[in-house]
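In UniProt numbering, the protein residues as written are 1 to 83. The beta carbon of each residue, even a glycine, is placed where N, CA and C say it ideally should be. First comes the structure, then the notes that go with it.
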């Protein structure tokens with residue numbers, strides 16, 4: 001039984017996606033926030049156009065995500081889907 005849980009539990013967590021991709025966290029994002037603040041709130045992004053100097057990053061999956069646009073590592077625009 002323990003072995004089964006060790007296999008199934010990680011699969012369930014992956015299937016659920018990033019638990020921090022929520023409407024509540026999306027509403028906390030604000031223009032001017034630094035990239036490090038967003039990363040602290042949402043965790044590591046699932047995709048960025050450039051991980052060294054990101055202009056656009058996405059947290060979540062194709063159908064449920066938070067997308068943030070940055071200029072000089074500061075939030076300039078946000079969008080979301082499926083929240």
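Rounded C-alpha distance that separates residue i from residue j
{"i": "residue 45", "j": "residue 67", "result": "9 Å"}
{"i": "residue 50", "j": "residue 56", "result": "8 Å"}
Exposed unless 16 or more other CB atoms sit within 10 angstroms - verdict on residue i
{"i": "residue 28", "result": "exposed"}
{"i": "residue 79", "result": "exposed"}
{"i": "residue 59", "result": "buried"}
{"i": "residue 31", "result": "exposed"}
{"i": "residue 77", "result": "exposed"}
Delimiting residues of the beta strand (DSSP E) encompassing residue i
{"i": "residue 37", "result": "Unbroken run through residue 37 is the alpha helix (DSSP H), 35 to 42; no beta strand (DSSP E)."}
Assumed close pair residue i, residue j - CB separation to whole angstroms, cut-off 8 Å
{"i": "residue 43", "j": "residue 63", "result": "No, residue 43 and residue 63 are not in contact; Cβ-Cβ is about 18 Å, not under 8 Å."}
{"i": "residue 65", "j": "residue 21", "result": "6 Å"}
Residue i Cβ short of 8 Å to the ligand GTP heavy atom set
{"i": "residue 31", "result": "Annotation note on the ligand GTP: not contained in the displayed structure, which lists no ligands."}
N-terminal and C-terminal residue of the alpha helix (DSSP H) that residue i is part of
{"i": "residue 18", "result": "Counting along the chain, residue 18 falls outside any alpha helix (DSSP H), and DSSP gives it neither H nor E."}
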